[in-house]
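Quick note: the sequence shown uses our numbering, first residue 1360, plus one each step.
The structure appears below as structure tokens.
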Amino acid sequence: MRTETEEQVRSILGAMPRERASLLPALWAVVDKMGWVDQERLEAVAVVLNLPTADVYGVASFYAMLPTDGRTQVRVCNDVLCHLAGSQHLMADLRANGLDAVSWPCLGRCDQAPAALVNQRPVVQATAEKVQRAAQGGA
1360 MRTETEEQVR SILGAMPRER ASLLPALWAV VDKMGWVDQE RLEAVAVVLN
1410 LPTADVYGVA SFYAMLPTDG RTQVRVCNDV LCHLAGSQHL MADLRANGLD
1460 AVSWPCLGRC DQAPAALVNQ RPVVQATAEK VQRAAQGGA
């Protein structure tokens, strides 16, 4: 008997090939549509792709950018250009305002420093206000 989550995952994955090479794209597809991949969603991906749950969990836990719970993830770039543009002050402001921001090596937005990533959404020329607005679901 299929669970509702399994049906949702099956629908999300559509015609994606049911093979091990599809695992990471499948996990990202679930994140794009459902927000994160918790244990129930990981198990559904395993069933749909006919893979051991341990393999799916291993891949999901290896990739730090893959959200595995519903908490808002805030990453602030700490690469050279973002640092020069004030990312360390941005981190301090976010933490002072209660956001659990983490420093991240590079977000690939050097031309728009400082950069942050809220869940999977980039915030460029980031300020504490812009990041907090994005974390609350705003523009």
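We put the beta carbon where it would ideally sit given N, CA and C, even for glycine.
Given the structure is predicted, the values throughout are model-derived calculations rather than measurements.
Query - Straight-line gap, Q1491 to V1396 (C-alpha atoms, nearest Å) - result: For this step, residue 1491 is matched to residue 132 along the sequence shown. For this step, residue 1396 is matched to residue 37 along the sequence shown. CA-to-CA, the gap between Q1491 and V1396 works out to about 23 Å.
Query - Own chain, CB closer than 8 Å to A1388, minus 5 neighbours either side, in chain order - result: Position 29 of the sequence shown holds residue 1388. Taking A1388 as the centre and dropping the five residues before and after it, the same chain places the C-beta of I1371, L1372, M1375 closer than 8 Å to its C-beta, in chain order.
Requested in this report: Confirm, please, whether the CB-CB distance from Q1432 to M1393 is below 8 Å.
Outcome: What you label residue 1393 is simply residue 34 of the sequence shown in a count that begins at 1. What you label residue 1432 is simply residue 73 of the sequence shown in a count that begins at 1. Against a cut-off of 8 Å, the Cβ pair of Q1432 and M1393 comes out as no contact.
Requested in this report: Could you have a look at A1419 and say whether DSSP puts it in helix, strand or coil?
Outcome: Taking the first residue of the sequence shown as 1, we reach residue 1419 at position 60. Helix at A1419.
Query raised in the report: Which one of V1477, R1430, S1381, R1468 has the shortest CA to CA distance from V1407?
Result: Taking the first residue of the sequence shown as 1, we reach residue 1407 at position 48. The option with the nearest alpha carbon to V1407 is S1381.
Report task. Rank Q1471, V1415, G1496 by C-alpha distance to the C-alpha of L1401 and give the top, closest one. Result -> Taking the first residue of the sequence shown as position 1, residue 1401 is located at position 42. L1401 has its Cα closest to that of V1415, out of Q1471, V1415, G1496.
Report task. Would you list the one or two residues that DSSP bridges to R1434? Result -> Counting from one through the sequence shown, the residue named residue 1434 turns up at place 75. In the DSSP output, where bridge partners are listed per residue, R1434 has V1461, L1476.
Query raised in the report: Under a three-way DSSP split, which group does P1481 fall into?
Result: Within the sequence shown, numbered from 1, the residue matching residue 1481 stands at position 122. In the three-state reduction of the DSSP assignment, P1481 falls in the strand class, which pools E and B.
Report task. Report the three-state DSSP secondary structure of W1387 (helix, strand or coil). Result -> Within the sequence shown, numbered from 1, the residue matching residue 1387 stands at position 28. In the structure shown, W1387 sits in a helix (DSSP, three-state: H, G or I).
**Report entry** Residues near W1463 in its chain [Cβ-Cβ closer than 8 Å; skip 5 each side]
**Finding:** Counting from one through the sequence shown, the residue named residue 1463 turns up at place 104. The residues are R1434, V1435, C1436, N1437, L1476.
Query raised in the report: Nearest to R1468 by CA position, among R1361, L1386, D1428, L1440, is which residue?
Result: Along the sequence shown, read from residue 1 onward, the residue named residue 1468 stands at position 109. Of the candidates R1361, L1386, D1428, L1440, the residue whose Cα lies closest to the Cα of R1468 is L1440.
Report task. Using beta-carbon positions only, say whether R1480 and A1493 come within less than 8 Å of one another. Result -> Taking the sequence shown and counting its residues from 1, the one referred to as residue 1480 is at position 121. Taking the sequence shown and counting its residues from 1, the one referred to as residue 1493 is at position 134. Their beta carbons are under 8 Å apart, which means R1480 touches A1493 by this criterion.
**Report entry** Host alpha helix (DSSP H) of A1380 (start-end)
**Finding:** Here the question's residue 1380 lines up with position 21 in the sequence shown. Note, A1380: premise wrong, no alpha helix (DSSP H); not H, not E.
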